Amino acid sequence: TQLLEQSPQFLSIQEGENLTVYCNSSSVFSSLQWYRQEPGEGPVLLVTVVTGGEVKKLKRLTFQFGDARKDSSLHITAAQPGDTGLYLCAGTYNQGGKLIFGQGTELSVKP
Amino acid sequence: EPEVTQTPSHQVTQMGQEVILRCVPISNHLYFYWYRQILGQKVEFLVSFYNNEISEKSEIFDDQFSVERPDGSNFTLKIRSTKLEDSAMYFCASKWGDSFNSPQHFGDGTRLSIL
Chain A
1 TQLLEQSPQF LSIQEGENLT VYCNSSSVFS SLQWYRQEPG EGPVLLVTVV TGGEVKKLKR
61 LTFQFGDARK DSSLHITAAQ PGDTGLYLCA GTYNQGGKLI FGQGTELSVK P
Chain B
1001 EPEVTQTPSH QVTQMGQEVI LRCVPISNHL YFYWYRQILG QKVEFLVSFY NNEISEKSEI
1061 FDDQFSVERP DGSNFTLKIR STKLEDSAMY FCASKWGDSF NSPQHFGDGT RLSIL
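So the protein sequences, as listed, match chains A and B. One point on numbering: in our numbering, the residue at position 72 of the first sequence is 72, and numbering is uninterrupted. If you want our numbering, it's the position in the second sequence, counting the first as 1, plus 1000.
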C-alpha cells in the first residue's frame, strides 16, 4: 500500500515568516501534485512535478520533488494571510491512475 | 477557465435510499474519477473511469456503488442503498490524458448527509 505522510499537520505562523511543508513516502511516485483546498470547496491544483530533483516556482511558493521521487516539499517565502488554507500533496504511480493523498497541512498565517 | 462542475452541492438523504451525484467533467477530458472525504480525514479514491468502463476501484467501491457516463458530458456516481457511513464530501475529478504531466482537476464537491 502506497502512503503519503504530510508534515506538519498544523502550522500557525506570523505574516512574513517562511515555512516548509513536507510530503514523504516509502514508495516511488511517478508524479506528485500539490493542491490547495478552501473550506467547502474542492482541491485546486497548484503544481505537478514529474522528474526527480525537479524544482518549480509559483510566485512565493517553491515546490521540489525528491531525487528518488519518494518525497516532496513546498516552501513558502514571506507568508501572507492570503496563504492561509489546507495544502494537500497527492501522488500517482501509474498513468491515468488514482491519486493517493496526504492528510494535509492546515496553514494559518496571522497578520 | 474550464472547470469541473458538481450537483447538487448538498444532498440530504434517508438511510437506505438511493442517491445519484452528478458531475460535468471538463469537456475534452478523457479520464474521470470519484473521491470522497469524510470529515477530518484524507481524501480517498473511489473509482476511475476511462473509455466507458471502470479502470480501477477501491475497496470502498462495493456493490452498492456504480458509475455511469450516460451521455457525452455527464459522469454520475450512484449509491444504491445509503448507509450512515456514506456521509462525506464526494469529489469528481477529470484529466485530459494519461501523461504524468496531465493533472487531475477537481469539482467543488457534493456534501452527502445520510440521516
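We put the beta carbon where it would ideally sit given N, CA and C, even for glycine. All values reported here derive from a predicted model rather than from experimental measurement.
The stretch 1031-1051 of chain B and the stretch 1087-1097 of chain B touch, with no fewer than 3 CB-CB distances between them shorter than 8 Å. In terms of Cβ geometry, Gly97 (chain A) and Ser1055 (chain B) form a close pair [threshold 9 Å].
Between the alpha carbons of Ser25 (chain A) and Cys1023 (chain B) lies a gap of roughly 31 Å. When Cβ-Cβ separations below 9 Å define contact, Val1012 (chain B) makes no contact with chain A. With the criterion set as a beta carbon lying under 8 Å from some beta carbon of chain B, the members of the stretch 71-103 of chain A are Leu88, Ala90, Thr92, Gln95, Gly96, Gly97, Lys98, Leu99, Ile100, Phe101, Gly102, Gln103, in sequence order.
Judged by beta-carbon spacing, Val1012 (chain B) lies beyond the 9 Å limit of Lys1078 (chain B), meaning their Cβ atoms are not closer than that value.
At a cut-off of 9 Å between C-beta atoms, Gly66 (chain A) does not count as an interface residue with respect to chain B. Distance from the Cα of Lys70 (chain A) is smallest, within the candidate group A:Cys23, A:Val44, A:Lys110, for A:Cys23.
Looking at the DSSP output, Arg60 (chain A) sits in no beta bridge, so it has no partner there.
In this chain, Thr84 (chain A) is not harboured by any beta strand (DSSP E), its DSSP state being neither H nor E. Around the Cβ of Asp1071 (chain B), a 10 Å sphere holds fewer than 16 other Cβ atoms; the residue is exposed. Gly53 (chain A) is classed as exposed because its beta carbon has fewer than 16 other beta carbons within 10 Å across all chains shown. Taking 9 Å as the cut-off, the beta carbon of Ile13 (chain A) is found closer than this to the beta carbon of Ala79 (chain A).
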